[in-house]
Amino acid sequence: MTRPLDDDQVAEYRREGYVVARGFFARDEIELLGRAAREDRELDRHAFGRADGEGGVVRLSLWNHPGDGIYGMVARCERMVRSAERLLEGEVYHYHSKMIMKDARVGGAWTWHQDYGYWYNNGVLFPWLVSVSVAVDPSTRANGCLQVIPRSHEAGRIDHVLSGEQAGADMDRVRELLGRLPLVHCEMEPGDAIFFHPNLLHRSDPNRSEQPRWSMICCYNAARNDPYKDSHHPRYTPLEVVPDGAIRAVGARRFADAGGDVGWLEAVRDRSATGLEAPESGKPASGESRP
Ligand SMILES: O=C(O)CCC(=O)C(=O)O
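The opening residue of the sequence shown carries number 184 in my numbering; numbering runs sequentially from there.
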């Protein structure tokens, strides 16, 4: 399906706070992405863990600029960017991308949060962003698929506190919302993509299965929502859109240039959550000032 989200999908996103686009990427495109990512030493070298507050650790690599490798082609291709533009009603730029590497048996959990719970602290004034999580592996309940609370984006921004090394939404509110709204496990096949609103509450369980669950998440911000201050994620930077066919073309070259130009963020520099207050101390847990 090399086309952007259609009117029905956009309407579903607005109503539910998310929409799953089945087969958004073709199997061969995802195979190229998955094989390339697993062989990518730079991706592995820049990976870091984030404690989940439940005894586990999630492993991820995070980068700011899409670059010219296969990750860049996924993030910059027509169908992705035009979909983000439809959802955000105007020009968008790449805010960051990441690879979530939930490895078999050891992949940690993500606590309940809104992405805007992280980004609010980065000088982003409006929740005019969107995250797109692309399944690289089959994503099932057993290997810790994404869980969402449909329509929770209507609750607005919820306070977040530090939970392990993650930003965790105020659990009193999450529990109350779960009493009124359903909980959906988003099982996905490789190539499926879920577009979700920055105020949609989501989480995922640890991966206790024998099957890895990797997914690539691309985040876009509206150009007119340029953050008012610098942070570790970029302010408005024009995004060069590439044709959809670029994924296959660049994937076939196995992105020899990957990693050189993407602006990797190591754990120590990803400060989105560290400015939050730890629930008991009342102080930023890392001792760093707010970003
Ligand atoms: O894909 C997952 O397991 C959750 C990732 C997530 O919540 C995030 O990156 O904000």
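Backbone N, C-alpha and C fix where the C-beta goes; we use that ideal spot for every residue, glycine too.
Bear in mind that the values here come from a model prediction, so they are computed numbers and not experimental data.
Same chain, Cβ closer than 8 Å to residue i, neighbours up to 5 away in sequence not counted
i	result
ASP475	Here the chain has residues from 184 to 474 only, and residue 475 is not among them.
THR420	HIS248, TYR276, HIS277
ARG340	GLN297, TYR299, GLY300, TYR303, PRO310, ASN382
VAL367	GLN330, VAL331, ILE332, PRO333
GLY434	GLU212, LEU215, LEU216, ALA219, ILE253, MET256
Three-way DSSP call (helix, strand, coil) for residue i in this model
i	result
TRP311	coil
HIS380	coil
LEU361	helix
LEU448	strand
SER266	helix
ILE400	strand
GLN297	coil
HIS415	coil
LEU329	strand
ARG233	strand
GLU337	helix
VAL289	coil
ARG186	coil
ARG198	helix
GLU460	strand
VAL319	coil
Residue i - containing alpha helix (DSSP H), residue span
i	result
LEU422	Per DSSP, LEU422 belongs to no alpha helix (DSSP H) and is neither H nor E.
ALA352	From DSSP, ALA352 is part of no alpha helix (DSSP H) but of the beta strand (DSSP E) over 349 to 352.
VAL433	429 to 435
ALA219	210 to 221
ASP227	224 to 228
Endpoints, beta strand (DSSP E) assigned at residue i
i	result
LEU345	343 to 346
TYR254	Here TYR254 belongs to no beta strand (DSSP E); instead the alpha helix (DSSP H) covers 253 to 259.
LEU243	240 to 246
ARG386	385 to 387
VAL367	367 to 369
Own chain, CB closer than 6 Å to residue i, minus 5 neighbours either side, in chain order
i	result
ALA267	VAL275, VAL313, TYR403
PRO249	GLY255, ALA258, ARG259, HIS277
SER455	TYR301
VAL445	TRP246, HIS248, GLY250
SER392	ALA325, ASN326
ARG396	LYS285, ASP320, SER322, ASN326, GLY327, ASN390
ALA376	ALA204, PHE207, VAL315, VAL317
Same chain, Cβ closer than 7 Å to residue i, neighbours up to 5 away in sequence not counted
i	result
VAL424	ARG259, GLU261, VAL264
VAL357	TRP295, LEU384
PHE438	Bear in mind that the predicted position of PHE438 carries a pLDDT of just 49, short of 50, making it too unreliable to give a figure here.
> Is it a yes or a no for the region 247 to 255 touching the region 193 to 207, going by three-plus beta-carbon pairs under 8 Å?
Replying inline: no
>> Across the region 420 to 434 and the region 340 to 352, are there enough close Cβ pairs to call them in contact, namely three or more that are closer than 8 Å?
In response: no
> Is the region 229 to 246 touching the region 298 to 305, taking contact as three or more C-beta pairs under 8 Å?
Replying inline: no
> Counting Cβ pairs, one atom from each stretch, are 3 or more of them under 8 Å apart for the region 406 to 422 and the region 318 to 336?
Replying inline: no
> Three or more beta-carbon pairs under 8 Å between the region 365 to 372 and the region 186 to 193, yes or no?
Replying inline: no
>> Check whether the region 384 to 396 and the region 318 to 325 touch, using three or more Cβ-Cβ pairs below 8 Å as the test.
In response: yes
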